[in-house]
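First comes the structure, then the notes that go with it.
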Amino acid sequence: MRVSQYSSGIAAAFDDSPIMRQLQDLSTRRRQLEDVEIEFPGKTRVLTVSNQKGGVGKTTSTVNIAAAIAALGGRVLVIDLDPQGNASTALGVPHTADVMSIYDVLINDAPLAEAVQVSPENERLFCVPSTIHLAGAEIELVSQVAREKRLDTALEEYLESLDEPLDFVFIDCPPSLGLLTINAFSAAHEVFLPIQAEYYALEGLSQLLGNVKMIQKHLNPRLRVSTILLTMFDARTRLSHQVADEVRQHFPKEVLNTVIPRSVRVSEAPSFGQTVISYDESSAGAIAYKEAAVEIVKRGAPRRKGQ
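Written as structure tokens, this is what we have:
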């Protein structure tokens, strides 16, 4: 009898343990995602994913949000504008030196359609890859005509040529404000800003927002900061919660309710040429990115003043 009571006590303690609560929470969230119904309005939203600070989960967020939206039924294009080509790798798209890439579009006036590839992950997920040639594009763009608007022109022509419209275009930027990033800002309707939930998260943010205002004034008045996503969130630390509270205080409308936790699975996925959505869709990271994707779709595009 005593042994039975002892065993029952252990079982009750385990049921109330942090690990068990976390598993129950993930199970509940997974079921909620299965019941989500999404409608796409048929109008293309173009988001540039940018942060001048490196290592904040910018590319990781780009490919996983894109993959999650494609899994929901949306047609999504990722333009890899980062010379490192990490987005191309994560989407399983070839990006060797001899592959038609975004470099050919920007420098050689190649049609964007010739550089678009279908990701093996999902037939509704497309990618324009980056190759090693893009590393020198900043210098080569200096002498080009309409150098700040070349991506905008190419993307507009591509979207107009499609029989079936895209729902989203995500442009993955390098972590700097050069001509590549300016091209992305000029082509986009929205700025999607991943912010790491750590001490230096807000450093440089004011400068980035200043750059957005400059682009709005001189090149692209339609541009808006629409989405801020907190990444690498560690719920065990007070610092992560403090950073999240501060960001939400300054940007209450832009910050998503979903936060992306630190996750081994999210880090592992690119080495297999996959996003975490296909690598381990039941993991905490995959569920968080799916929830963030649902939020982005349901929020819709921000309205301009006067609308």
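In the working numbering, the protein residues as written are 385 to 691. Positions of the beta carbon are idealized from the N, C-alpha and C atoms, including for glycine.
In DSSP terms, what residue i is bridged to
i, result
"I334", "The question about residue 334 has no answer, for the chain in this structure spans 385 to 691."
"F617", "P645"
"I449", "I449 pairs with nothing; no bridge assigned."
"L461", "F510, V553"
"L431", "F554, E574"
Cβ separation of residue i and residue j, assumed to be a contact under 8 Å, to the nearest whole Å
i, j, result
"A568", "S434", "7 Å"
"P549", "T428", "6 Å"
"N641", "E679", "6 Å"
"L539", "A519", "No, L539 and A519 are not in contact; Cβ-Cβ is about 22 Å, not under 8 Å."
"P467", "S514", "6 Å"
"L461", "F510", "5 Å"
Burial state of residue i (16 or more Cβ within 10 Å)
i, result
"M598", "exposed"
"F656", "exposed"
"A497", "exposed"
"I704", "The question about residue 704 has no answer here: the residues shown for the chain are numbered 385 through 691."
"T480", "exposed"
"M404", "exposed"
"A397", "Bear in mind that a pLDDT of 48 at A397, under 50, signals an unreliable position, so the number given afterwards is only what the model happens to contain. By the neighbour-count rule (16 or more Cβ atoms within 10 Å), A397 is not buried but exposed."
"R534", "buried"
"E638", "buried"
"A395", "Residue placement at A395 cannot be trusted, given a pLDDT of 47 that sits under 50; the coordinates are not used to answer."
"S527", "exposed"
"Q591", "exposed"
"V529", "exposed"
"H602", "exposed"
beta-carbon residue i near the ligand NAD non-hydrogen atom, thresh 7 Å
i, result
"L496", "Because no ligand of any kind appears in the structure shown, any question about the ligand NAD cannot be addressed here."
For the structure I just gave you, are there three or more beta carbon pairs, one from the stretch 483 to 503 and one from the stretch 670 to 682, closer than 8 Å? Touching, no.
Would you call the stretch 405 to 416 in contact with the stretch 535 to 553, where contact means no fewer than 3 C-beta pairs closer than 8 Å? No contact exists between the stretch 405 to 416 and the stretch 535 to 553.
Quick test of the definition: if touching needs 3 or more C-beta pairs under 8 Å, does the stretch 618 to 631 touch the stretch 437 to 448? No, the stretch 618 to 631 does not touch the stretch 437 to 448.
Which runs of the alpha helix (DSSP H) spanning at least 4 residues fall entirely within the stretch 491 to 547, listed in chain order? For the stretch 491 to 547, whole alpha helix (DSSP H) runs of length 4 or above, ordered along the chain, are 521 to 525, 534 to 545.
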